[in-house]
Every structure is written in structure tokens, then in C-alpha cells.
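Numbering (the working numbering), first residue to last: 99 to 297.
Below you can see the structure in the form of C-alpha cells.
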């Protein structure tokens, strides 16, 4: 009798949608899941220079201090959520000690909470993504003032989302995991006239 394999298999919120295509054969809207990243809510004072420098030391990215802005490098993105609250999204999930390292580095009146299990990130791209965004929200994502380095917390297809724009013109949506199925179905329906694929 062989030993049972107890290896855990991580399934992304949209795993059962991967490869799904609707509408025209040449998809003009692409929905890409960028899941299984580390999501950390960070609280502290923007007036505390030790807090600000501690973020830079631990994460390698400057803390965004202007409302509705974000800073990022190849591995980490930091989003301004409020005067004392930020979200860090980190691609390298292998460092399980990062949360503790961050806490020790910041010290003082600060807090770090791992919300990775409750959120996910999807990217919207393609020639007709602008039209789909206009269907999705009252916020003007196509405004010249909403560019790379900016983010907005808004209602997106009746769900809450944190939206930011990438240098390549695509859009990242950070949403609650519990909204993922609803938003995927909604986006597929809203994009069907252009052709849409989830990958």
C-alpha cells in the first residue's frame, strides 16, 4: 500500500474559466488572471519618517503618499487606500517570512495584515477594453488624468474594485475573491460583442 500524497494544490479563483472564449473568434478583450499573489494591508502614519523608510527597506518600493496613486517595481505594487492605509501586492509568494519582517522593520504604531486569501487580481487588455470599462463603471478610466501610477477604488459592475492602469494601457482590477465568479461572468457577457477570452 503506497503512501498518500498530501501535497496541496492551489487553485486560483478563475481556474475553471481558463481558456473560455465568447463572441468573435479574434478576441479583442483579454481577461488574464494574475492570482496567488501576496496581498498585505499596511497601516501607519504618513508623517512618520521611520514608517516610510521602513516600507522602502522591506519592500523596495516607495510608499505612495498622494491620494489615489500607486508605485511599483517588477515584484511589488503599493496602492494608496487612505491617509493611513495602503495595499501591497507582492508577486514573490515564496517568502513566507515577509509579513513578520515587515512588522519588525516598521515597528511603532503600525499594522500589517495578510488578506491574500480574500482577494485576487485580474488584468483587462485588448483593443475594445475601453468600451467594456465604460459599461462597467461610472468612473472615467479613459480620462487623460487616470494614467499609469494612479488607482481608484470604485464600483465595478456592482462590485467593489481597486483599479489601476499599466504602462502598456491595460488595467488591473483587485477584487474580493467572493466576487470573482460574478465579475468573470459579467465581463464575458459585456465583452461578447467584441470577442473575449479568459486566460
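All C-beta atoms, glycine included, are put in the ideal place defined by N, C-alpha and C.
Using DSSP with H/G/I as helix, E/B as strand and the rest coil, what is residue i?
i: residue 227; result: helix
i: residue 148; result: helix
i: residue 268; result: coil
i: residue 112; result: coil
i: residue 138; result: strand
i: residue 164; result: coil
i: residue 126; result: coil
i: residue 290; result: coil
i: residue 156; result: helix
i: residue 330; result: Residue 330 falls outside the range modelled here, since the chain spans only 99 to 297, and no answer is possible.
i: residue 133; result: coil
Please return the same chain residues whose Cβ sits closer than 8 Å to the Cβ of residue i, not counting the five positions on each side in sequence.
i: residue 121; result: 289, 290, 291, 292, 293, 294
i: residue 231; result: 222, 239, 240, 269
i: residue 124; result: 293
i: residue 117; result: 295, 296, 297
Leaving out five residues before and five after residue i in sequence, what residues of the same chain have Cβ atoms less than 6 Å from its Cβ?
i: residue 153; result: 161
i: residue 127; result: 224, 226, 227, 230, 289, 292, 294
i: residue 146; result: none
i: residue 187; result: 135, 137, 175
i: residue 130; result: 221, 297
i: residue 159; result: 169, 171, 174, 176
Among the residues of its own chain, which have a CB less than 7 Å from the CB of residue i, if the five just before and after it don't count?
i: residue 252; result: 235, 237, 259, 261
i: residue 199; result: 156
i: residue 276; result: none
For the putative contact between residue i and residue j, defined by C-beta atoms under 8 Å, what is the C-beta separation to the nearest angstrom?
i: residue 183; j: residue 139; result: 7 Å
i: residue 175; j: residue 163; result: Contact doesn't hold; Cβ gap of about 15 Å is too wide.
i: residue 166; j: residue 250; result: 6 Å
Between residue i and chain B, is the shortest Cβ-Cβ distance under 8 Å, so that the two count as touching?
i: residue 287; result: Chain labels in this structure do not include chain B; a single protein chain is all it has.
message: Pairs of beta-carbons, one from the stretch 244-256 and one from the stretch 214-223, closer than 8 Å: are there three or more?
response: no
query: Is it a yes or a no for the stretch 254-273 touching the stretch 222-233, going by three-plus beta-carbon pairs under 8 Å?
result: yes
task: Tell me the start and end of each unbroken alpha helix (DSSP H) in the stretch 175-254 that is at least 4 residues and wholly inside, in chain order.
output: 196-204, 227-234
query: Is the number of C-beta pairs between the stretch 168-181 and the stretch 227-244 that are closer than 8 Å three or more?
result: no
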